[in-house]
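Chemist: Per this note's numbering, the very first residue in the sequence shown carries number 1; after that it's consecutive. Below is a structure I'd like to ask you about.
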Amino acid sequence: MALLRKITDSSASAVLLAFYCIICTSLTNAAPPTDTYYSRDASFIIPFSSNPADSKIQKILLHVSEDFGKTYAHVGTALPTQKQFLFRAQKDGWYWFSVQSQEIDGRMVPANINIAQPSLKVCIDSTAPSVVLRGIFKDGSASIDWDLRDETLDLSSMRLEFRNSDGKDWVPLSAQQIAQGQHVWNPGTSGNIEVHLTVRDKCGNFGESSVVIQPNGIRAGNSTQENGSGKSNISMVKSRRFQLNYKIDDVGPSDISRVEVYVTRDGGKVWRKYDQDAPKQPPCIVDVPEEGRYGFTLVARSGVDLGEHPPKSGDLPQFWVEVDETKPLVKLIGVDVGRGIDQGNLSVTWTAADKYLGPNPVNISYAKTPEGPWVVAVPNLPNTGRYVWRMPGEGLPYQFFIRVEASDLAGNIGSADTTGAVKVDLSTPKARVTG
1 MALLRKITDS SASAVLLAFY CIICTSLTNA APPTDTYYSR DASFIIPFSS NPADSKIQKI
61 LLHVSEDFGK TYAHVGTALP TQKQFLFRAQ KDGWYWFSVQ SQEIDGRMVP ANINIAQPSL
121 KVCIDSTAPS VVLRGIFKDG SASIDWDLRD ETLDLSSMRL EFRNSDGKDW VPLSAQQIAQ
181 GQHVWNPGTS GNIEVHLTVR DKCGNFGESS VVIQPNGIRA GNSTQENGSG KSNISMVKSR
241 RFQLNYKIDD VGPSDISRVE VYVTRDGGKV WRKYDQDAPK QPPCIVDVPE EGRYGFTLVA
301 RSGVDLGEHP PKSGDLPQFW VEVDETKPLV KLIGVDVGRG IDQGNLSVTW TAADKYLGPN
361 PVNISYAKTP EGPWVVAVPN LPNTGRYVWR MPGEGLPYQF FIRVEASDLA GNIGSADTTG
421 AVKVDLSTPK ARVTG
C-alpha cells in the first residue's frame with residue numbers, strides 16, 4: 001500500500017493513508033499486519049473498517065506510541081460508522097498505532113493494548129536532507145565530494161549534474177548513489193563549471209546544493225545548512241576531548257616557533273583562533289564545549305614569524321571532526337522461539353535509531369544471566385529490524401537473555417536486553433503411573 005492523496009478543506013490539511021484496520025473479535029487470535037509510511041505532513045487520516053456482521057462493537061479506540069511500542073496513549077475514539085481517525089502529530093518522529101474495540105458489554109479487544117502489535121507505523125519528518133558539496137577542478141579533471149545526511153534518506157533519488165559556465169543544459173553524471181562519495185570526470189571545458197546535487201528523503205523532503213568550481217586547483221564548497229560545509233576529511237569521535245595529528249613541511253633553519261590552531265563551527269564563515277597553539281610535534285589535544293561538527297586549519301610559523309595566512313571567511317577547513325557522544329537508541333521489540341517447522345529458530349525484532357549508524361551496526365548476543373558474560377551470537381547485522389537466528393544444536397544453555405547492540409560511526413554503543421530469560425527448551429514433561 002502507499003500514501004494516497006492529500007485532503008484539503010477550510011479547517012485542516014491531512015494525508016489519507018491507505019491503511020484499513022479490520023475491527024472484529026478475531027483480533028484476540030491474530031496480530032494485524034504492520035504497514036509503514038513516511039510523511040512530511042503532521043496531520044493525516046487513518047481509515048478503518050469494521051465487520052458489519054459484528055453488532056457487538058460499540059466504539060473504536062486509537063492508541064499511539066512515541067517510544068517504539070514501549071507505552072501507548074489513547075488519542076482518539078470513533079463510532080464504527082465513522083470509518084476514520086484524524087491524527088495530528090506535535091513533532092517529527094516515529095508514531096506507532098494500535099486500535100482497540102469496546103463491545104457493548106464493556107469488554108475491550110484486545111484486552112491489553114500495551115502488548116498488542118502495532119497495525120501502523122508512521123515516520124513524520126519535515127526536515128530537508130543536508131547536502132554538502134566540495135569540488136576541485138585541476139588539469140582538466142573535475143572532482144566532486146558529497147556528504148548527505150538525513151535519518152530517512154532515499155538514496156535512489158540522488159541526482160548529480162553539472163553545466164559549463166555558459167549556463168546551458170545540465171548534464172547528468174552517473175555517480176554512485178551513496179551517502180558519502182566522490183565522482184571524478186572530464187567536463188570537457190577549460191572554464192568554470194557548476195555542479196548541482198539533489199536528493200529526497202522517504203518523507204518527500206527535498207534537499208539540494210550547488211557549487212561553482214574553477215579550473216585553478218582551489219577547492220570550493222557549499223552546503224544547505226549553516227553548520228555544514230565541504231568534506232575533505234571527517235573524523236568521528238565520541239568525546240569532546242580528542243587529538244589532531246598533523247605534519248609540517250618545508251621547515252627552514254629557523255625551525256618552527258608555533259603552530260596556530262583555527263576553528264570554525266559554521267563551515268568557514270567565521271573563524272576563531274584556538275586558545276592554545278599546537279606543539280611542534282603532534283598530536284594536538286583539543287577540547288570543545290559540545291557535540292557537533294568542527295572544522296580545523298593549522299598555520300605553522302617559522303622562527304622568523306613567516307607562514308601561511310590564517311583562514312578568512314569563506315575558506316574551508318583542512319580537516320573536519322564530528323563530535324558525537326550520543327548512543328544509538330535501541331528498543332528490543334520481541335524475541336520469539338520457533339515451534340513446529342520453525343523449531344531451532346529464534347526470531348529477534350528491534351529498532352535502532354541514530355544519526356550516524358554504520359552499514360552493519362547491529363550485534364545480537366546472549367548470556368545465562370543479566371550480568372553476563374555476553375557471547376556474540378550474530379555480529380555485524382544491517383539495521384533491518386528483524387533477524388531469525390538458527391541456533392546451534394549444541395552448546396547453548398536451555399534459557400538465556402538476549403541483547404541487541406547498535407554502534408554508530410563514532411563508536412558509541414546502545415543496547416537493549418530482554419527483561420526475562422528466553423526459554424528455548426519448550427518441552428512439557430508428562431508423568432503417568434505405570435503400576
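All C-beta atoms, glycine included, are put in the ideal place defined by N, C-alpha and C. As the structure is a computational prediction, the values presented were derived from the model and not from experiment.
(1) Find the nearest neighbour of E325 within the set P283, E371, R258, N412, judged by alpha-carbon distance.
(2) Taking the alpha-carbon of S55 as reference, which of T81, F87, V375, Y37 has the nearest alpha-carbon?
(3) For the beta strand (DSSP E) holding H183, just list the boundary residues, first then last.
(4) According to DSSP, S141 sits in a beta bridge with which residue or residues?
(5) By a C-beta neighbour count over all protein chains shown, 10 Å radius and 16 as the cutoff for buried, is A30 buried or exposed?
(6) For D445, which residues from the same chain have a beta carbon less than 6 Å from its beta carbon, with the 5 sequence-adjacent residues on both sides left out?
(7) Should V195 and G135 be called a contact, given that it needs their Cβ atoms to be closer than 7 Å?
(8) Could you tell me which of Q343, I193, Y262 sits nearest to M391, measuring between CA atoms?
(9) For T349, which residues from the same chain have a beta carbon less than 7 Å from its beta carbon, with the 5 sequence-adjacent residues on both sides left out?
(10) Does the count of Cβ pairs from the segment 171 to 182 and the segment 114 to 130 closer than 8 Å reach three?
(11) Report the CB separation of N66 from Y38 in whole angstroms; it is logged as a contact under 8 Å.
(12) CA-CA distance, I104 and A111?
(13) According to DSSP, is G340 part of a helix, a strand, or is it coil?
(14) Since R386 is in the beta strand (DSSP E), which residue starts that stretch and which ends it?
(15) With DSSP as the reference, identify every bridge partner of F296, one or two as the case may be.
(16) Could you give the C-beta distance for D92 and D154, rounded to a whole number, given that I count them as a contact under 8 Å?
(17) For S313 and K273, which I take to be in contact (beta-carbon distance under 8 Å), what is that distance rounded to the nearest angstrom?
(18) Taking just the CA atoms, how far does V75 sit from Y356?
(19) Should L409 be counted as a contact of the ligand NAP given a C-beta to heavy atom distance under 6 Å?
(20) Over the uninterrupted beta strand (DSSP E) stretch that includes L244, give me the two end residues.
(21) What's the gap between the Cα of F85 and the Cα of V286?
(22) Please work out which residues of its chain come closer than 6 Å, Cβ to Cβ, to Q318, disregarding the five sequence neighbours upstream and downstream, and give them in chain order.
(23) Span of the beta strand (DSSP E) holding P47?
(24) What would DSSP say about N412, mapped onto helix, strand or coil?
(25) Pairs of beta-carbons, one from the segment 362 to 380 and one from the segment 403 to 419, closer than 8 Å: are there three or more?
(26) Secondary structure at N112, three-state DSSP: helix, strand or coil?
(27) Quick one: give me the first and last residue of the beta strand (DSSP E) that V212 is part of.
(28) Who does K59 pair with in a DSSP beta bridge?
(29) Kindly list the residues whose CB is nearer than 8 Å to the CB of E208, restricted to its own chain and excluding five residues on each side of it in sequence; keep chain order.
(30) Are S257 and R301 touching if we call contact CB-CB under 7 Å?
(31) Could you spell out where the beta strand (DSSP E) holding R163 opens and where it closes?
(32) Would you tell me roughly how many angstroms separate the C-alpha atoms of F68 and K423, rounded to the nearest one?
(33) CB-CB under 6 Å to L160, same chain, minus the five flanking residues each way: which ones, in chain order?
Modeler: Straight from the coordinates:
(1) N412
(2) T81
(3) 180 to 185
(4) K138
(5) Caution is warranted here: a pLDDT of 41 is assigned to A30, below 50, making its placement in the model unreliable, and the coordinate value is therefore given only provisionally. A residue is called buried when at least 16 other Cβ atoms come within 10 angstroms of its Cβ; A30 does not meet this threshold and is exposed.
(6) Residue 445 falls outside the range modelled here, since the chain spans only 1 to 435, and no answer is possible.
(7) yes
(8) Q343
(9) I333, G334, G385, R386
(10) no
(11) The sequence shown places Glu at residue 66, rather than the Asn named in the question. Rounded, the Cβ-Cβ distance is 16 Å, inconsistent with contact.
(12) 14 Å
(13) helix
(14) 386 to 390
(15) V263, F319
(16) Wrong, their Cβ atoms sit about 16 Å apart, outside the cutoff.
(17) No, S313 and K273 are not in contact; Cβ-Cβ is about 14 Å, not under 8 Å.
(18) 32 Å
(19) This structure simply doesn't include the ligand NAP, nor any ligand for that matter.
(20) 241 to 244
(21) When rounded, the distance between both Cα atoms is 53 Å.
(22) T297
(23) 43 to 50
(24) It is coil, neither helix nor strand.
(25) Three or more beta-carbon pairs drawn from the segment 362 to 380 and the segment 403 to 419 are found closer than 8 Å, and the two stretches are therefore classed as touching.
(26) coil
(27) 206 to 213
(28) Q102
(29) V131, H196, L197, T198, V199, T224
(30) Yes, the pair counts as a contact, with Cβ atoms nearer than the cut-off.
(31) In this chain, the beta strand (DSSP E) harbouring R163 covers 153 to 164.
(32) Cα to Cα, F68 sits roughly 24 Å from K423.
(33) L173, A175, L197
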